[in-house]
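**Q** Per the working numbering, the very first residue in the sequence shown carries number 2; after that it's consecutive.
Here a beta-carbon is modelled for each residue, glycine too, at the ideal position from N, C-alpha and C.
This is the structure I have questions about; it appears just below.
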Amino acid sequence: MENIVIPKHIAIIMDGNGRWAKEKGKIRLEGHRAGANALENILECCGKIGVKYLTVYAFSTENWKRPKMEVEGLMNLFSRYLDNKKKELKKQGVKLLVTGAKENISEKLLKKIEETENYLSDCENIVFNIAFNYGGRREIVDAVNKVLEKKFLEQNQVAENGGFVEEKAENFKITEEEFSKYMYRPEIPDPELVIRTSGEFRISNFLLWEIAYSEFYITDTYWPDFDEKELEKAILSFNKRDRRYGGLNAK
Ligand code: IPE
Ligand code: IPE
Ligand code: MG
């Protein structure tokens, strides 16, 4: 892929595992297993071609609505993935981040996530960010709450020091740039390219804040069939885009 710009950050909505399985007469969990294999391949590929950040949507805050058996299957799959792949990830220089809400996830899995993140924390080839129990609205609301808490504590501090507590609304204003720092992963730049598999044209509560100017690529391919050829197609399509950011044509 000569003269091709490789996006620094690619984000993927890995969709279609269930339909892939159904079409093959398999149970949904088989689809998720095949999806995990596809992810392994794409992560390795991204590392090789120089993608610096790969964010994947693995479990949404809405996916708890699924039958208990499927949810448990997904939790077990993730847990086994961490156990079985951490050495390989280290070899590939993959720094792992797991991003999302903590509630409803078992203590055991939370501990394993933390240990694996620590184990891979000094890896530098690629940042692999797994959105797990993630919701875009939830992320924004969590950020708002962090801002409010900070402002509240600051006000209390001033009052405790005998200062005058200024109640003017202007004191509670925040800029976009400042607000970004309260999102889950302020150190990760916004994705240039968002890929969704399985032909659905929706965002399903993924990275609402970060995708303001991302390019979208949607393919009918189900996630378990998404391979390096498909990734190449997505990157080539990205290279044809004219990114104007509200300004005038740059080309
Ligand atoms: C995506 O595949 C994986 C998760 C949401 C966990 P789906 O399970 O949504 O597959 P479809 O959309 O039912 O085919
Ligand atoms: C989005 O897929 C979430 C993940 C890929 C983890 P869904 O299958 O849950 O999304 P909807 O329900 O089709 O919008
Ligand atoms: Mg789906």
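Measuring only the C-alpha atoms, how far is F60 from Y135?
**A** The straight-line gap from Cα to Cα measures roughly 7 Å.
**Q** Taking 8 Å as the threshold (C-beta atoms), are A160 and L194 in contact?
**A** Not in contact: L194 and A160 (Cβ atoms no closer than 8 Å).
**Q** Decide if the segment 92-107 is in contact with the segment 124-143; the criterion is three or more beta carbon pairs, one per stretch, under 8 Å apart.
**A** Flag = yes, the segment 92-107 and the segment 124-143 touch.
**Q** With DSSP as the reference, please indicate the residues paired to F133 in a beta bridge.
**A** Its beta-bridge partners are F60.
**Q** Cβ of I11 within 8 Å of Cβ of I196?
**A** It is a contact, given that the beta carbons lie within the stated cut-off.
**Q** Taking Cβ positions, are D243 and S215 nearer each other than 8 Å?
**A** No, the Cβ-Cβ distance between D243 and S215 is not below 8 Å.
**Q** What do you get for F239, buried or exposed, if any count of 16 or more other CB atoms within 10 angstroms of its CB means buried?
**A** It is buried - the Cβ of F239 has at least 16 other Cβ atoms within 10 Å.
**Q** What ranges does the alpha helix (DSSP H) occupy inside the segment 2-87, keeping only unbroken runs of at least 4 residues that lie completely in it?
**A** Correct list: 18-24, 29-50.
**Q** CB-CB under 6 Å to T222, same chain, minus the five flanking residues each way: which ones, in chain order?
**A** Cβ within range, chain order: T198, E231.
**Q** Hey, quick one: how far does the beta strand (DSSP E) through I219 stretch, first residue to last?
**A** From DSSP, the beta strand (DSSP E) with I219 extends over 216-219.
**Q** According to DSSP, is T100 part of a helix, a strand, or is it coil?
**A** Correct three-state label for T100: strand.
**Q** Relative to the C-alpha of L83, which residue among T56, L121, C47, I50 is closest?
**A** Of the listed residues, the one whose Cα sits closest to L83 is L121.
**Q** Comparing the CB of F60 with every heavy atom of ligand 2, is any distance shorter than 7 Å?
**A** Answer for F60: yes, Cβ within range of ligand 2.
**Q** Which class does I189 belong to by DSSP, given the choice of helix, strand or coil?
**A** DSSP places I189 in coil when its eight states are reduced to three.
**Q** In chain order, what residues of the same chain have a beta carbon less than 8 Å from the beta carbon of S181, not counting five sequence neighbours either side?
**A** Closer than 8 Å at the Cβ level, and outside the excluded window around S181, lie P187, W210.
**Q** Can the beta-carbon of G36 be found closer than 8 Å to that of M70?
**A** Taking 8 Å as the Cβ cut-off, G36 and M70 do not qualify as a contacting pair.
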